[in-house]
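Be aware that the sequence shown starts at 22, since it is given in the numbering used here, and climbs by one per residue. Virtual Cβ for every residue (Gly too), placed ideally from N, Cα, C.
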Amino acid sequence: FLLKRTLTSIRHYSTMCSLEDAKKVAAFKAVDEYVKNNYIVGVGSGSTVVYAVERLAERVNKEKLNLVCIPTSFQARQLIIKHKLVLGELEIHPQLDVCIDGADEVDENLTLIKGGGGCLLQEKIVASCAKQLIIIADHTKNSVQLGDKYKKGIPIEVVPISYVPIKNKIETMFGGELVLRMAVAKAGPVVTDNGNFILDWKNFKQTKDWQKINAEIQLIPGVVETGLFIGMAEKAYFGQEDGSVKEQ
Ligand code: 5RP
Numbered sequence: 022f023l024l025k026r027t028l029t030s031i032r033h034y035s036t037m038c039s040l041e042d043a044k045k046v047a048a049f050k051a052v053d054e055y056v057k058n059n060y061i062v063g064v065g066s067g068s069t070v071v072y073a074v075e076r077l078a079e080r081v082n083k084e085k086l087n088l089v090c091i092p093t094s095f096q097a098r099q100l101i102i103k104h105k106l107v108l109g110e111l112e113i114h115p116q117l118d119v120c121i122d123g124a125d126e127v128d129e130n131l132t133l134i135k136g137g138g139g140c141l142l143q144e145k146i147v148a149s150c151a152k153q154l155i156i157i158a159d160h161t162k163n164s165v166q167l168g169d170k171y172k173k174g175i176p177i178e179v180v181p182i183s184y185v186p187i188k189n190k191i192e193t194m195f196g197g198e199l200v201l202r203m204a205v206a207k208a209g210p211v212v213t214d215n216g217n218f219i220l221d222w223k224n225f226k227q228t229k230d231w232q233k234i235n236a237e238i239q240l241i242p243g244v245v246e247t248g249l250f251i252g253m254a255e256k257a258y259f260g261q262e263d264g265s266v267k268e269q
């Protein structure tokens with residue numbers, strides 16, 4: 022009996038993928054299905070995008086694809102340079118064929134929370150210039166409603182002098198708590214690639230009305246951008262524990 026149980030658990034364990042494997046299968050599938058020769062490609066930010074850039078580089082080398090890559094952050098720029106891909110910019114390529122990016126949470130309507138890495142503003146600008154935004158993630162990011170799984174809050178990028186009034190206004194208007202994102206060891210606030218601060222909106226109420234709430238938040242003076250991506254994503258790929266990829 023014990024031997025049988027041990028063999029079953031070994032078999033079960035060997036079919037389970039790590040989160041890194043789940044990110045990788047999702048990223049590879051998205052790049053294979055959505056990137057074609059002569060494309061201008063938006064490169065998102067975060068740990069899952071690392072695999073997407075790895076796959077882009079493999080395909081450029083093997084298939085001799087001619088691609089221009091537009092970064093969404095300092096990290097994305099570094100990845101593009103490291104893999105010897107062609108680095109582009111929006112000034113020269115204001116229209117992209119596709120943008121491939123990660124997300125912190127994806128609900129059943131493909132509404133996203135992004136900005137866990139603080140790159141939401143450039144990510145939203147680049148995605149808004151792309152014909153298609155394709156999301157890559159592991160299975161832990163796939164939820165029914167925003168806030169079901171991701172507990173770090175909705176990031177809101179703000180002009181530094183306005184962070185206290187914006188915090189007070191949003192808490193009064195919609196409830197929850199806005200917390201200034203601090204750097205490691207709380208040495209000071211996180212400063213984005215654009216020189217701004219980030220407020221993480223935690224314990225917000227569940228709602229289906231993100232469009233309206235997002236529009237109201239964006240009207241508050243000092244708000245630069247929110248990490249709510251509504252009606253932007255075309256498709257999401259979620260790497261699963263068994264190594265398969267779920268498409269939504
Ligand atoms: C950065 C982002 C990232 O795409 C998001 O945080 C997901 O990152 P990861 O792939 O590391 O989970 O929005 O601002």
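Where Asp263 is concerned, there is no enclosing beta strand (DSSP E), because DSSP gives it neither an H nor an E. Across the structure, Val185 and Glu54 are spaced so that their CA atoms are roughly 44 Å apart.
Contact check for Leu201 and Phe218: beta-carbon distance about 6 Å, within the 8 Å limit, so the pair qualifies.
Using a 10 angstroms sphere on the CB of Ala236, the tally of other CB atoms stays under 16, which defines it as exposed.
Cβ atoms of Phe259 and Lys173 stay farther apart than 8 Å, at about 19 Å. Shown here for Gly65: same chain residues with a beta carbon closer than 7 Å to its own, the five before and five after excluded, namely Thr93, Ala97, Cys120, Ile121, Asp122, Gly123 and Glu144 in chain order. In the displayed model, Met203 falls within a strand according to three-state DSSP.
By the Cβ neighbour-count rule, Val107 is exposed, with fewer than 16 other Cβ atoms within 10 Å of its own. Environment of the ligand 5RP, chain-ordered: Ser66, Gly67, Ser68, Thr69, Gly123, Asp125, Lys135, Gly136, Gly137, Gly138 and Cys140, taking every residue with Cβ within less than 5 Å of a heavy atom.
The Cβ atoms of Arg80 and Ala48 lie no closer than 8 Å to each other.
Ser183 is the residue among Ser183, Lys207 and Ala206 whose C-alpha sits nearest the C-alpha of Gly243.
Residues Pro176 and Gly248 of the same chain have their beta carbon placed closer than 6 Å to that of Gly136, with the five preceding and five following residues left out of the count. With fewer than 16 neighbouring CB atoms inside 10 Å of its own CB, Ala204 falls in the exposed class. With a 10 Å radius around the Cβ and a threshold of 16 neighbouring Cβ atoms, Asp128 comes out buried. Counting only the Cα atoms, Glu110 lies some 8 Å from Cys90. Taken through DSSP and simplified to helix, strand or coil, Glu129 comes out as coil. Taking the Cα of Ala148 as reference, the smallest distance to any Cα among Ser164, Asp169, Leu167 and Gln116 is reached at Gln116. Residue environment: Gly252 is assigned as exposed (fewer than 16 neighbouring CB atoms within 10 Å of its CB, all protein chains considered). The Cβ neighbour count for Phe250, taken over all protein chains shown within 10 Å, is at least 16; the residue is labelled buried. Looking at Lys85, Asn59, Trp231 and Lys45, the one whose alpha-carbon comes closest to that of Val74 is Lys45.
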